[in-house]
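These notes concern the structure reproduced below.
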Amino acid sequence: MGLESLGLLEAKITQYLTEEKAQAGAIPKVSDSQISSLATRLLSTMMSHQRKMMIV
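Just so we're aligned: the sequence shown equals residues 1497 to 1552 in my numbering.
Laid out in structure tokens, this is it:
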């Protein structure tokens, strides 16, 4: 997966989580920067898992 694809996936995850937050009544304890950070961590975890699967 190329860097451009990863950036696009991260943007889509961030957009999805932001929309979910809005539908849930905009929980004030969750900031947009926290959502972006979560999307980045999720993507990083997915990539790490994918690399491990390639090694096995």
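Ideal placement from N, C-alpha and C gives every residue a C-beta, glycine not left out.
Under the three-state reduction of DSSP, A1520 is assigned to coil, being neither helix nor strand. Rounded to the nearest angstrom, the gap between the Cα atoms of S1540 and M1550 is 15 Å.
R1537 and E1515 have their C-alpha atoms some 18 Å from each other.
Between S1527 and T1510, the beta carbon gap of about 12 Å keeps them out of contact (Cβ cut-off 8 Å).
In the structure shown, the three-state DSSP call for S1540 is helix.
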